[in-house]
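In the working numbering, the protein residues as written are -17 to 1073.
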Amino acid sequence: MFPPQQGNELGGISEGCQHTIWRHTMDLINDANLNNISQRSCGHDLENLKCKVTDRSGTLLACILDHRDNIHSSPCKAFIQRLEWVAFSDFRLIAHFLDACSSNIDKYMCGRLQPSESLTQGQTLACLQQHIDKLDEQCQKQIYHLSEIQADNIIMDRQLYLACINDHSKFCPEIAPGSGNVYKCLMQHKLDRMMSQQCQDQLLRRQKVIARDYRVSKGLARACKEDIKAFHCRRDVSDEKDIRLAQILLCLEGLLRNGTKVTKDCQMEMVEHRKILMEDYRLSPEIVSQCSEDITKFCNGLEVGGKTIHCLMEHTRPRKKRERVSFKCQRAVETLVKEADAGEDWRVDPVLREACKPVVDNSCKDVRGGDARVMSCLMEKLGTDHMTEACELALVQIQYFVARDYKLDPQLYRQCRDDAVRLCHAKKVWADDNASMDPERGPLVLPCLYRYAYHSQKNLKDYKGYMQRKCTQICMEGECKTTLNTPDQDLNFNLPVIGNLVYCEISTKYYVTIEADRKANNSKCASERTVMELKVSCLEEIRRVMRQRAISVDLQPEIEEVCLEDLALNCYEKTNRGEEMVCLQDNLERLTRECKSAVSNFTEDQAQHVELNPEIMAVCQGVMEKHCEAELKMGRDEGDLMECLIEHKNELDVRSNYKCRAAIEHFQLISLKNYHFTYKFKEACRPHVQRFCPDARTKYDVIRCLSEKVRNDTLRESKHSIPRECRQQLRAQLFQQRENINFDPVLRDACQKDIIENCPDVTHGAGQVLECLQINKARLTPRCHRAIFNVEKQELLDSSGDYTLLTTCRLMIRQFCHEEDEAHALECLKVRENSVLECLQINKARLTPRCHRAIFNVEKQELLDSSGDYTLLTTCRLMIRQFCHEEDEAHALECLKVRENSRYKDEKTFDSKCKVIVVRRMIEQNQDYRFNPLLQKGCHQDIPKFCSEVVATEPKDLELEGKVIKCLKIKFRERKLRLECEQQMATILREAALNYQLNPLLMAMCKKEIKVMCKADEEEEDSAGAVEECLKNAFLTGRIIDPGCRLEVANVIEEAKADIHVDPLLHQACGVDVSKFCSDIPQGAGRRKYT
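Next comes the structure, spelled out in structure tokens:
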């Protein structure tokens, strides 16, 4: 007996001879005859097999073939192989085959009526294998047994052997034809374009049978036999019954995931068979049955090789329902991805393998395969120049399903399984059986872990509030028997509801409920605290996963599932990586309630952890490494990195990196929608927002409300209702508002036309647009003018928000006002510039010209609260650091005013740009007493007493043009002011004497005279007090004709008589003499001047 050969073996044999051969074969396999002739080669082995000898033909043969794996002697193996050739020459020789399958042969027309009928029954078997999933149970059993026998030798599968004989020579020349390894080799090359179609078809037939019963694959069955047996992978399935390949793979993968050791050979076979499942959707019965209509609709005509599977994956993600596969088809694809464990090894999926091989070779070549290590590496390359479009598409298609079941990420599962079971009701085993699986619970695990990773402290705070509450519903670790109603909903904080059951997260064991009184059906809430924090290794994996999946909405099911309609409506054109999330954030106000909540939660997380912002991470890595090194080294980002990026975005190197700067500013714009999107601000001020600003909707509303509260407390000299930490964060937000007008939506909308008309070429940023509007205040529309006024009024109490002042004068503030709070920066610099103190006059020459010019040209912006003055804080940053570092930012302006006019006046180190800002703020302060907090405080009794008529008619949002100050000047000359108010007025008059622009009435009334008579003094670089002296001389010589100007100059001369300090030039000239001769005489009322 010899193996079948290619061609027509019967062509030269007569029918009589054929019959004689067949009759001899039938006699040969008679049980009695077979038992006799086998004794010589297999006597001892047959005794061990315990096969019974009957009076029929083929029964003993079938038993021997079924137990051939238990035979070990070489002579017996060779004998049995010859018997196999006999059996596979005519399956009628094997008992029960025709009896079991005759009806199926007729039903599926697998009979073959040819002259060589008895020797062509291999075609019948192949035909039945094609219909394996439809056969009767008994026939299936026979087909599986025959297919197992075929697995030992490809020659036993005549149709496959003949169809693939040339492919065997081409792809597997080193493997002998009589080996079962030929199957494995051919299957590994099944997708090769050089393989013949007829061979591919025959391999598919065999793979279908393997998918239905893993034992048909001898490699897997033998390599994993002991593991399958030891760990009960055939649980509840008899040895005679077939068991699907997918079921065995799930069991073995579950063993690996749960830390059980599986032999190396078995693992290798598992990988090969996972590849088989992903290569052809026709090997998955669920996809064939559940996705047939979807394949016809979306994927018709696609070749195999996994392309149809990826087509179905792609159509699980479209935003429009008509372009999505059916729900049952999506479930079938989910099942396949889990069965093949496609997220564990990139080589399992042929489409992913082909698309990503160049990326792996280039960027992940040193990463060992398996355990999702290469998949994780590829995920890290998303958004970089190393990633290709084809690889990204295939990768995201796979990750879409991995993201929806935390068990499909092996590293995440291994590190977080215990925490997931303890805190999130995850199953204890990787492969769930039908009895313990509820599909709704799977997607809840990762979001639950995520809450504990990033919000553990918040969870603790929320739960503590319910510690002492009474409850009327018993809730143990498992589930509550009825749907909870308030207050039980509060007790069981934010629990997932599945059907009519409320699943109690184990975290709620913080309030483990124990039955107190069965009769009354009441229970008592006990504070049995469990550990609510994740392991460090789990926390690291959660951070990795969330960072990688932030790249796409598709990889965040908690967002994607509730935002499908919003994405279709608002973002249907945003298809590139990361665009969908940005689009949702930009359209936050338009989103449905559930979608808005999900996007808001994620945006809050981005504010706290910049690693979740792929847009910033992609373009700002270098900036963070250079400017935020300390924050990176901390390893725990609590809003620090975003704060650092905002602080340094105007550095020269960051301005040149326009993509990074744009990404930072885009997030700043998004953060305007909700104060929760600024993490440190939210954490510092949340309870105070809830208390004082419950109706505030946007971050702008919150800032305005809290600023109003801070300003009122300051003016009333009452204890601050807003604590220091919140005030500091509030100043930081005001500071950002002033940096870019786009960050102040109310001001931007009010001044939109004014910006176009008056500041068309001014670049947004660095406070330039706001400064431009202030310079052109006289030309603004009433609406814009009122908005500018409100900005100035809001921030005059606190210089720490004055962007122009703090940035321009940062060197001067650092040098002269480092002991002052930034909130007093302007006052400090004013003193440096124009102080009445003797020290100022002595050291005047030491001020740098640059600083003098800067302070002189500065225009007032945020004089009440410098912390919101972006220009002040950034320009004078160094000056504030040097001179005002101990002062609150809210007082930065006042500090700088004092320092600028102090004994360091003549120092050349006071920054000129800072000086410009300080003087500009002083000019603005003198236009309205409400802009000068020290004057308000010092004269709070005198203003109502002497200037009530002016105050009564004051406009709420327009300047008084110095009317109240004029009123107080009159009372100053009449010496009727209280001492505290008199000192403040003396300071104002002294400052005005050094700079006529600080006297708005004098500047307005004598504008022509200054231009004609005092032009040279005005243009002189260091002309402190020169213009006023020029006007005085002109008055005394009778050259001033205009009565209004004459009156104002006369007032100036009169005011100077009240105190020598009001006349800085006289005081400078006579300062030493005053100290020598008049040191014991009180200041004021002209006493020192006329003594």
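Quick reminder that beta carbons are idealized off the backbone N, C-alpha and C, glycines included.
Could you check the C-alpha separation between residue i and residue j for me, to the nearest Å?
{"i": "R256", "j": "C281", "result": "22 Å"}
{"i": "E305", "j": "M295", "result": "12 Å"}
{"i": "R194", "j": "P267", "result": "9 Å"}
{"i": "I1022", "j": "K631", "result": "52 Å"}
{"i": "G236", "j": "A133", "result": "27 Å"}
{"i": "L80", "j": "K34", "result": "21 Å"}
{"i": "G(-2)", "j": "K190", "result": "39 Å"}
{"i": "A600", "j": "G617", "result": "19 Å"}
{"i": "R204", "j": "Q170", "result": "19 Å"}
{"i": "T468", "j": "Q379", "result": "Note that T468 scores 36 on pLDDT, short of 50, meaning its location in the model is unreliable and no value can be drawn from it."}
{"i": "K927", "j": "P915", "result": "18 Å"}
{"i": "E1011", "j": "V1031", "result": "10 Å"}
{"i": "K691", "j": "D353", "result": "56 Å"}
{"i": "L334", "j": "H292", "result": "9 Å"}
{"i": "I533", "j": "R559", "result": "7 Å"}
Tell me which same chain residues have a C-beta within less than 6 Å of the C-beta of residue i, skipping the five on either side of it?
{"i": "A974", "result": "L980, N981"}
{"i": "C520", "result": "Q397, C398, D401"}
{"i": "R239", "result": "Y395, W412"}
{"i": "A417", "result": "Note on A417: pLDDT 38, under 50, position unreliable in the model; no value is reported."}
{"i": "C215", "result": "I230, C233"}
{"i": "R1028", "result": "I1022"}
{"i": "L537", "result": "Q381, A385, R531"}
{"i": "C311", "result": "Q272, C273, D276"}
Quick one: measure Cβ to Cβ for residue i and residue j, integer angstroms, because I've assumed they're closer than 8 Å.
{"i": "C338", "j": "L360", "result": "6 Å"}
{"i": "L31", "j": "H49", "result": "5 Å"}
{"i": "G749", "j": "R720", "result": "6 Å"}
How is residue i classed by DSSP in three states: helix, strand or coil?
{"i": "H26", "result": "helix"}
{"i": "D327", "result": "coil"}
{"i": "T2", "result": "helix"}
{"i": "H171", "result": "coil"}
{"i": "N12", "result": "strand"}
{"i": "E774", "result": "helix"}
{"i": "H255", "result": "helix"}
{"i": "H746", "result": "coil"}
{"i": "E869", "result": "strand"}
{"i": "D784", "result": "strand"}
{"i": "E699", "result": "coil"}
{"i": "S428", "result": "Residue identity check: residue 428 is Leu in the sequence provided, not Ser. It is helical."}
{"i": "C545", "result": "coil"}
{"i": "A532", "result": "coil"}
{"i": "Y388", "result": "helix"}
{"i": "I225", "result": "coil"}
{"i": "Q538", "result": "coil"}
{"i": "Q590", "result": "helix"}
Take residue i and list the residues in its own chain whose beta-carbon comes closer than 7 Å to its own, dropping the five residues that flank it on each side.
{"i": "E321", "result": "A228, L231, L232, L259"}
{"i": "I628", "result": "I646, Q650, Q718"}
{"i": "T290", "result": "Y263, I277, C281, L284"}
{"i": "A108", "result": "Q141, R187"}
Given residue i, which residues of its chain have a CB within under 8 Å of its CB, disregarding the five upstream and five downstream residues?
{"i": "C553", "result": "R301, E561, E562, C565, L566, N569"}
Over the uninterrupted beta strand (DSSP E) stretch that includes residue i, give me the two end residues.
{"i": "H670", "result": "Counting along the chain, H670 falls outside any beta strand (DSSP E), though it belongs to the alpha helix (DSSP H) covering 661 to 674."}
Just reading off the alpha helix (DSSP H) that residue i is part of, what are its end residues?
{"i": "H609", "result": "603 to 609"}
{"i": "E1086", "result": "Given that the chain is displayed from residue -17 to residue 1073, the structure contains no residue 1086 and the question cannot be resolved."}
{"i": "V898", "result": "894 to 907"}
{"i": "K958", "result": "It is not in any alpha helix (DSSP H) - K958 carries neither H nor E in the DSSP assignment."}
{"i": "V349", "result": "Per DSSP, V349 belongs to no alpha helix (DSSP H) and is neither H nor E."}
{"i": "Y554", "result": "From DSSP, Y554 is part of no alpha helix (DSSP H); its letter is neither H nor E."}
{"i": "M295", "result": "289 to 296"}
{"i": "P159", "result": "That residue, P159, is in no alpha helix (DSSP H); it is neither H nor E in DSSP."}
{"i": "I704", "result": "Taken as a continuous stretch (DSSP letters only), I704 belongs to no alpha helix (DSSP H), as it is neither H nor E."}
{"i": "F913", "result": "Counting along the chain, F913 falls outside any alpha helix (DSSP H), and DSSP gives it neither H nor E."}
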